[in-house]
Amino acid sequence: MIYKRNYIELLLKIIRVSQRSKQEMGPTLNNIESALESADYDQLRHVAHGMKGASSNLGADKISVYFKQLEQMGLDKSVDGAKEILVKIKQAHTELLDVLKTI
């Protein structure tokens, strides 16, 4: 019975993470886009750093790597290629949500 309860708890956690991820990603990407438009490198670094850690904690390594790249861009005060990385983040996030739907 312990295994069944642990399995159910894990599934509930996955569902909560999926819902939270959907809710938070939109505003986060808007914050990054705003930081890029205003050349606010500190904001870019700050938001990307937080999402890098959150993504890594969830096991979304692909997304975490993309946020790490954006974080480094903020540190370097260079945003060449940032819009392409945002597209990759959106694609990877959609893929992640699709996988979570199958569970």
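Residue numbering for the sequence shown is 78 to 180, as defined by this note's numbering.
Glycine included, C-beta positions come from ideal geometry on N, C-alpha and C.
Query raised in the report: Rounded to a whole number of angstroms, what is the C-alpha to C-alpha distance between residue 182 and residue 138?
Result: Coverage of the chain is limited to positions 78 through 180, which leaves residue 182 absent and any answer about it impossible.
Query raised in the report: How would you call residue 176, buried or exposed, if buried means at least 16 neighbouring beta carbons within 10 angstroms?
Result: exposed
Query raised in the report: Just the Cα atoms here: how many angstroms apart are residue 85 and residue 173?
Result: 20 Å
Requested in this report: Measure the CB-CB distance between residue 154 and residue 144 and report whether it falls below 8 Å.
Outcome: no
Report task. Tell me where the alpha helix (DSSP H) around residue 137 begins and ends. Result -> Element bounds for residue 137: n/a, residue is neither H nor E.
Report task. State the Cα-Cα distance for the pair residue 179 and residue 142, rounded to the nearest angstrom. Result -> 24 Å
Query raised in the report: Can residue 125 and residue 109 be called in contact, C-beta distance under 8 Å?
Result: yes
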